[in-house]
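Per our numbering, residue 1 is the first one in the sequence shown, and the count goes up by one each step.
Where a beta carbon is used, it is the ideal one built from N, C-alpha and C, also for glycine.
Since we're looking at a predicted model, the values are computed, not measured.
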Amino acid sequence: MTPSKKIRELYAEGYQLTPEAFEYLNNLPEIERVINKILTSNLNKAILSVQDIDELLEEDFIKKDDITEQSPLEKEEIIPVEQELPRIEEKKEVLEEEVKTEVKIETKLRKEKVSPDLEIIFSPEVKKTVASSKSFQDYFESRFQSIHQLFSKRRDITNRISTKDLIPNRNKDKISLIAMVTKIHKTRKGTVILDLEDKSGIITGIIHSKKQDLISKSEFILEDSVLCFTGNWWKDILSVDDILWPDIPFHKSNFAYDDVYALFISDIHVGSKNFAEDLFLRAIKFVNGKLESDKYNKIGKKIKYLLVGGDVVDGVGIYPGQIEDLEQDSIHLQYQTAANYFEKIRDDVEIIIIPGNHDAARAAEPQTPIHRDFAPDLYGFDNIHLLGSPCYLKAHNVEIMMHHGNSILDINAAIPAISHETSIPAMVRMLENRHIVPIYGRRTPIAPESEDRLFISRIPDIFQTGHTHIAGDETYKGVTLLNSGTFQYQTSYQKSMNINPTTGQTYIINLKLLQRTQVDFHKMS
């Protein structure tokens, strides 16, 4: 294999490289040996630095002097767009020969101008629901059954049993119980008491305070989540020894064969007095390749997908006193204005829009697409796709899950260790629980449908949210997580809550490499 093929193999296994690490690896004469070492080392890291690679070389008794001079160690920090975008282009050129070799037929057929390749996998459509005890029972049974099936396929769970098989006053050795957590209580002494329910009954589970590692683990248990508990059945109580989440397996990423990019944005809030129109217009110029910088224009012209993660407009009547914060107090006018902005984007870019809590869509999850009656102009474009939240799609073979992120704040509030300003830890919790809205009865309403369409049945390559107005990114088990920030300046409410939005900051991803770069439209011209 050529070095570029070996690096692509590394990407396919879910690893990312810093730019310095990419250059370092590409210059190693023993690159195949080094990458094989990485792939067999079960590293608990998704983004590898030069230091990580050197540490592996030392473990394998490979002397640095026999390979190449070590590059300066980089700090873990966000790489400015003006540095990173050119690096991505360099990586593309390194891999270009490989693509021509591996996909000969596609290369021959490819036109000079690459066309978008979009597939909508799932989008929640309107389903009539009636809120009743029966409808909610059906909904939670669907949730339980979906996650129960995941656990049933796992080989690490033994002695699985249901509550109906637990006979009172009859002790059992270690058992495994798949159950929904309906209540969590912590005593003054630190013991955690859980109400655990499956389809046949409810029992009590206890995590004793002396089990400190397990107590720490229990801090991440969310009410209404379906988990697996192992322990001993003793005196009608399950003494818990371990907790298992349904979680996702390590994901092998899909890549695009063409050199195309996707730009992720959200929370535009057209109609607000705080709408950052200047930055949004700059983003449009970037996509159109009309900035002053040829360096940025070269990238912008390769953008084939614009993914909008909700809150296109500020809406009307969303919160008390909102009228004072509005530049436009008609939601129809807000959407008309938004359509005028999107019309400025070249028509070979596929624009995917999902709703947020400020949009004219069903408030309950899953949210249906923005209503046509309120935004008829948006429905008038062939390249605009209005989907529900959450939704799944494929863009040039890369699978993307989009969700506005309404449940992020509920998850943050339930786990003391998570800051209210961040979104990535909550997104990890969603994947761990295999559910978009794991907690019921807080700020995020759930529609009681017979099928739980909030269950994460597919593992995406990219998972996008918005809502918090704070951009962030991470890789979790091979899945790229990102929050696409906002185009709204700080509001008076955010100021009172000490929330500092990252206005105009978001992410662009090269779908051929799944290499993400944070872009800051304050700094682009």
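>> Looking at the strands, I want to know which residues DSSP matches up with Val428.
In response: In the DSSP output, where bridge partners are listed per residue, Val428 has none listed.
> From what residue to what residue does the alpha helix (DSSP H) around Asn36 run?
Replying inline: Ile31 to Leu39
> Which residues in the same chain as Val428 place their Cβ atom closer than 8 Å to its Cβ, once the five residues preceding and following it in sequence are excluded?
Replying inline: Glu474, Tyr476 and Leu481
> Are the beta-carbon atoms belonging to Pro366 and Ala256 less than 8 Å from one another?
Replying inline: no
>> Give me the residue from Tyr305, Tyr319 and Thr368 with the minimum Cα distance to Phe342.
In response: Tyr305
> Quick one: Cα of Lys153 to Cα of Tyr379, how far?
Replying inline: 43 Å
> On the premise that Ser176 lies in contact with Arg160, defined as a C-beta separation below 8 Å, what is that separation, rounded to the nearest angstrom?
Replying inline: 5 Å
> Where Leu431 and Ile456 are concerned, what is the direct C-alpha to C-alpha distance, given to the nearest angstrom?
Replying inline: 7 Å
>> Which of the three DSSP states is assigned to Asn510 in this structure?
In response: strand
> For Met401, is the classification buried or exposed, using 16 other Cβ atoms within 10 angstroms of its Cβ as the cut-off for buried?
Replying inline: buried
> Mapping DSSP to helix, strand and coil, what is Thr337?
Replying inline: helix
> Alpha carbon to alpha carbon, how far is His420 from Gln137?
Replying inline: 31 Å
> Does the stretch 243–251 touch the stretch 432–451, meaning 3 or more C-beta pairs lie closer than 8 Å?
Replying inline: yes
> DSSP state of Gln328, grouped into three classes?
Replying inline: coil
> Between which two residues does the beta strand (DSSP E) harbouring Gln515 extend?
Replying inline: Gln515 to Asp520
> How many Å lie between Lys134 and Asn297 at the Cα?
Replying inline: 56 Å
> Counting pairs of Cβ atoms below 8 Å between the stretch 272–290 and the stretch 488–504, do you hit three or more?
Replying inline: yes
> Per DSSP, what kind of secondary structure is Ile446 in: helix, strand or coil?
Replying inline: strand
> For Pro425, does the count of other Cβ atoms within 10 angstroms reach 16, so buried, or fall short, so exposed?
Replying inline: buried
> What did DSSP end up calling Leu222 once you bin it into helix, strand or coil?
Replying inline: coil
> What's the C-alpha gap between Asp267 and Trp234?
Replying inline: 51 Å
> Between Ser375 and Ala360, is the Cβ-Cβ spacing less than 8 Å?
Replying inline: Correcting the residue identity first, residue 375 is Ala in this sequence and not Ser. It is a contact, given that the beta carbons lie within the stated cut-off.
> Which runs of the alpha helix (DSSP H), 4 residues or longer, sit entirely within the stretch 362–420?
Replying inline: 408–414
> Does DSSP classify Asp530 as helix, strand or coil?
Replying inline: It is not possible to answer for residue 530, since the shown part of the chain is limited to 1 through 525.
>> Pull the bridge partners of Lys235 from the DSSP assignment, please.
In response: None, per the DSSP bridge assignment.
>> When you compare the CB positions of Ile411 and Leu386, do they come within less than 8 Å of one another, or not?
In response: no
>> Assuming Tyr476 is part of the beta strand (DSSP E), what are its boundary residues?
In response: Gly472 to Tyr476
> What's the call for Gly388, buried or exposed, on a 16-neighbour Cβ count within 10 Å?
Replying inline: buried
> Going along the chain, which residues of its own chain have a beta-carbon closer than 7 Å to the beta-carbon of Gln328, five neighbours each way excluded?
Replying inline: Gly271, Gln334 and Thr337
> From Asn232 to Ser496, what distance separates their C-alpha atoms?
Replying inline: 49 Å
>> Can you give me the C-alpha to C-alpha distance between Asp259 and Arg188, rounded to a whole angstrom?
In response: 58 Å
> So which of Gly405, Asp241 and Asp520 has the shortest CA-CA distance to Gln212?
Replying inline: Asp241
>> Measuring alpha carbon to alpha carbon, tell me which residue in Leu166, Asp198 and Thr163 is nearest Phe140.
In response: Asp198
> Per DSSP, what kind of secondary structure is Tyr296 in: helix, strand or coil?
Replying inline: helix
>> In this structure, how does DSSP classify Glu20 when only helix, strand and coil are distinguished?
In response: helix
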